[in-house]
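Protein chains: 2
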Amino acid sequence: MTDRPRLTPLAESLPATVPFVGPEAQERARGRPFRARIGANESGFGPSPRVVAAMADAAGQMWKYCDPENHELRDALAARLGVGIDNVVVGEGIDGLLNLAVRLFVSGGTPVVTSLGAYPTFNFHVVGFGGRVVAVPYAHDREDIDGLLSVVRRENAPMVYLSNPDNPTGSWWEAADVERFAAALPATTMLVLDEAYGETAPAGTLPPIDVSRKNVLRLRTFSKAYGLAGLRCGYAVGDAELIRAFEKIRTHYGVNRMAQAAGLAALADQDYLAAAVGRIAAARARIAAIAQANGLSPLPSATNFVAIDCGRDGAFALKVMQALIARDVFVRKPMAPGLDRCIRVSAGPDAELDILAAEMPGALADARGN
Amino acid sequence: MTDRPRLTPLAESLPATVPFVGPEAQERARGRPFRARIGANESGFGPSPRVVAAMADAAGQMWKYCDPENHELRDALAARLGVGIDNVVVGEGIDGLLNLAVRLFVSGGTPVVTSLGAYPTFNFHVVGFGGRVVAVPYAHDREDIDGLLSVVRRENAPMVYLSNPDNPTGSWWEAADVERFAAALPATTMLVLDEAYGETAPAGTLPPIDVSRKNVLRLRTFSKAYGLAGLRCGYAVGDAELIRAFEKIRTHYGVNRMAQAAGLAALADQDYLAAAVGRIAAARARIAAIAQANGLSPLPSATNFVAIDCGRDGAFALKVMQALIARDVFVRKPMAPGLDRCIRVSAGPDAELDILAAEMPGALADARGN
C-alpha cells in the first residue's frame, strides 16, 4: 500500500526528462535575454505578413472551439498535395502527431528503430509508450538508411523513424534513395518520415506523395519554413486507413483555432514561402561563411540551420556552445557520439547573424582557453 | 501476416468514435451557417478586449516556440491560486490534461468511475488507454457522490471523475460536499475534479485549494468564462509530486505560444471576467425564461449553459433539438437515460437568444407534430 494513487508501472518507470530546455529557461537562469535566438531551428524571418494579419483577425473569434475535423485546412492541404482529404490529419505540431503515431503502433517492449542522435522527442514518445529505442549510428553525418534497414529486419521492428532532411546534421537523402528505403522495408514496418524541413530542401529531396503505400507516414509542419513554430500545427499524410486510425485516439478539439486560419493563410501565400526559403538559404550560406572565417567546417544543409564541425571533440564543441551562450547567442548542439563535435546554428535575419559573426572569435578563444 | 503495419491490440480494439460532432461539420452538411451558436458551451461574450489585443500583439512572435515550461503563465496562476509554481501544469485545454492524467494512472483493465452521461471526452481517454469505464447514474440531476464513492470502493478504482459544476446538467455540489467526498475516497484513488465551469458557480461551490491532498487533481480552463475555447489552454493544480509526473509524458512544446500571452492578459483582467460572469448569469436567466414561456422546465445551473427539461422522453427532446437545428439554432443535448429528456443551451449574447426565443415555439410545434 502507498499513501497516494499509484502511477501505472510504465509511468512509474519513466524519468521526468525534458527533451529540450527552452531558451526562456536559460534566460531566466542567466537573468538576461539572448541577443540572438538562433538555436531552436525556428525561422526568425517569421511568417507572411498576411498570416500575421489573419491571426490578428482571428483573435476575436477565439471564443469558439476549432472545427474538430480541421476541415478547411485539411481540404487546402489535400488540394496542394494532390491527395484526398481523408489522407490528411492535422495535429498539434509534428510532436503531437508523433505521440499519436507511436501510440498507435508501439506498446510494451516494441522495438522502434531510429538514428543515434536523431529527434529526441520521437524517442521520448517511444519510451513513454513502453517501446524500446534501437538507435543506429549516423554514417558520414547522414542517417544510415542501409543500417536502419538492417536493424529493422534484425529486430522485426514495426516502426522506423527517418527525418529527411535530417535534424541535427542538416544532411539529406535524395528522393530515389528514400523510395528505395521505403520499398525495401517489410510491409509491416511503418516508416515515420519526418519532413519538417522539406520546404528548404533542394528539388528532388522529397519523394512524390504516394498514399497507396500503406506503411509510410509523411509528417510536415508550419513550424519551420512557414515561420510558425508557436502555432503548434503540423500534418500527417498517408493511406486513408492509416489516417483514419488517428481518429481513435487524437484529441479532436486539440488544435488551436487560430492554427486553421494561419495555416490557410500561409498555404495561400506561396510567394512569401519562396522568399523565406531564399532568405533561409542565404542565411545558411552566411553561417557557413562565418564558420569558415573562424577555421571551422560547416556541414552541407538542406534545412533551416547549419551544423558546424568545431574540429575537435564533443567537449570542445560544448565549450564553444557555452561560450556563445555566455555571449548572449542562443545555439544548441548535438550530443550523440560522432555528431557531438558540432554546434547547430539556425538561419536567422542578418542582425542576429551579425552578432554571431562578432562573437564567434571570442567564443572560440574562450573555448580554447578553458 | 498482414500487408500493412499492425496497430497495437489496444488501438485495434478502439472504435473511431468522435466524442462530439462540431457545429462546422453540421454547417457543411446543411449547406448553411447557424444563426445562433449556443450549443458547445462556448462564451459568445468572448474574451476581454485586452486579451484580443494581446493576441494580436503576439501574432508577430509566433515564429518562436512557446516556453516549454509555460513559466510566466504558471507563475501568474500560482500567485492567483495561492500555490507554488510546482503545483501547476499548463496543457492543451482540459481535454489534453485529461489525456495525460488518464495515461499516468490507467492501463489495461483499470476501472475508472464516472457518472453516466458525464463528459464523454474523459471516457474517450479512459477507453483509449485501455481502462474500463464504470458509470454511475445521476441522482436528481446531480452527479451522485455517494454512489460514486460506493462504486469506487466496490471496484477498488484508482481514479474517479467529478465535474463541479456539472456538464451537461449545470448542477453543482457545495464545497463542503465535495470536500467530504474527497476525504472519504481511498488515499489511492485519484479524484479528477473538473472545474471547467468554476468561475460561473455561486460562491461556496469550489473548495479551497489544498495541494497537500495527494489524491485530488483540480482542472480549470480559459475556455469557458474567460471566453477562449479556441485557445486550447487549461491548467491542472495539485500536489507537486503529482504535477511533476506530468513532465514524464506531456508534449513539452505542445501549448500554442499565444496561449501564454492570452492567458496572462485574461488573468490580469479580472474586471472583465466579473462582467462576463454577470452577462452569463443574465443569459442563463433569459434562457430559463424562454424555456418557461414555452412550458418547459429549466434546470438550475451554475455553468455557462442551461439544461432544459422538455417534459417528455428522450425521443421528444431529440426532436426539439433537431427542430432547433433545422431552424439554424445550434444546441446540443444529453443522451444518457434520465438526462436525455433535456436539451442544453449555452449562454450567449441577446442577439442569439432572441433567435432562440423566436424559434422555440415553432421548434416545439414541429417536435409535437412529428
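Line order of the protein sequences matches chains A and B. In this text, residue positions in the first sequence follow my numbering: the first is 48, and each later residue adds one. In this text, residue positions in the second sequence follow my numbering: the first is 48, and each later residue adds one. Even glycine gets a Cβ: it sits at the ideal position worked out from N, Cα and C.
Neighbour-count burial assignment, residue i, 16 or more Cβ in a 10 Å radius
i	result
S154/B	buried
H299/A	buried
G187/A	Residue identity check: residue 187/A is His in the sequence provided, not Gly. Classification of H187/A: exposed, given that the 10 Å Cβ count is below 16.
P255/A	exposed
G86/A	buried
D360/A	exposed
E116/B	buried
A223/B	exposed
N203/A	exposed
G78/B	exposed
R127/B	exposed
A412/A	exposed
T49/A	exposed
D318/A	exposed
M206/B	buried
S95/B	buried
L59/A	First, the residue type needs correcting, since residue 59/A is Glu and not Leu in the sequence shown. E59/A is exposed by the Cβ-count criterion.
Beta carbon proximity, residue i to chain A, threshold 8 Å
i	result
I296/B	yes
A292/B	yes
D375/B	no
G310/B	no
N121/B	The sequence shown places Arg at residue 121/B, not Asn. By this cut-off, R121/B is not an interface position.
Q339/B	no
D301/B	Note on identity: in this sequence residue 301/B is Gly, with Asp being the wrong assignment. G301/B counts as touching chain A.
L57/B	yes
M109/B	yes
P158/B	no
R75/B	yes
Contacts of residue i in chain A (Cβ-Cβ under 8 Å)
i	result
N262/B	R51, P52
A103/B	M102, A103, A106
N146/B	T298
G175/B	K295, I296
Residue-level contact to chain B via CB, residue i, 8 Å cutoff
i	result
D142/A	yes
P215/A	no
L151/A	yes
T161/A	no
G93/A	yes
A234/A	yes
S393/A	no
L304/A	Per the sequence shown, residue 304/A should be read as Arg rather than Leu. Yes, its Cβ sits closer than 8 Å to a Cβ of chain B.
M382/A	no
E139/A	yes
Neighbour list for residue i in chain B, Cβ cutoff strictly below 8 Å
i	result
L61/A	K295, I296
Y112/A	G69, A87, E89, S270, A276, G277
A72/A	D114, P115, E116, H118
Chain-order list of residues whose beta-carbon lies under 7 Å from that of residue i (same chain, five-residue window excluded)
i	result
N351/A	N88, S90, Y244, T247, K271, A272, I327, S393, A394
N341/B	M407, P408, L411
P335/B	The sequence shown places Ala at residue 335/B, not Pro. Cβ neighbours of A335/B beyond the five flanking positions: P345, V353.
Contacts of residue i in chain B (Cβ-Cβ under 9 Å)
i	result
V135/A	Those within 9 Å of V135/A in chain B number zero; the least Cβ separation is about 16 Å.
N203/A	Chain B residues near N203/A: none, gap ~12 Å exceeds 9 Å.
V65/A	P115, E116, E294, H299
S154/A	T55, P56, L57, A58
M237/A	R51, P52
Cutoff 8 Å; reference residue i; Cβ partners in own chain excluding five residues on either side
i	result
G9/B	In this structure chain B extends from 48 to 417, so residue 9/B is not present and cannot be described.
I337/A	L400, L403, A404, M407
R200/A	P233
F152/B	P205, M206, M237
Contact list for residue i against chain A, beta-carbon separation under 9 Å
i	result
S210/B	The contacting residues do not exist; S210/B stays about 16 Å from chain A at best.
Contacts that residue i makes with chain B (C-beta to C-beta distance below 7 Å)
i	result
V99/A	A106, G107
Contacting residues, own chain, Cβ-Cβ under 6 Å from residue i (five flanking each side not counted)
i	result
F228/A	I192
R279/A	E139, G140
- Message: Across the stretch 99-107 of chain B and the stretch 49-61 of chain A, are there enough close Cβ pairs to call them in contact, namely three or more that are closer than 8 Å?
- Response: Contact fails between the stretch 99-107 of chain B and the stretch 49-61 of chain A, because fewer than three Cβ pairs, one in each stretch, are under 8 Å apart.
- Query: Between the stretch 106-119 of chain B and the stretch 118-136 of chain A, do three or more beta carbon pairs fall short of 8 Å?
  - Reply: no
- Message: So, does the stretch 337-345 of chain A touch the stretch 309-316 of chain A, judging by three or more C-beta pairs under 8 Å?
- Response: no
- Touch check for the stretch 153-167 of chain A and the stretch 62-77 of chain B: three-plus C-beta pairs under 8 Å? no
- Message: Contact between the stretch 285-299 of chain B and the stretch 250-266 of chain B is defined here as three or more beta-carbon pairs at a separation below 8 Å; is this criterion met?
- Response: yes
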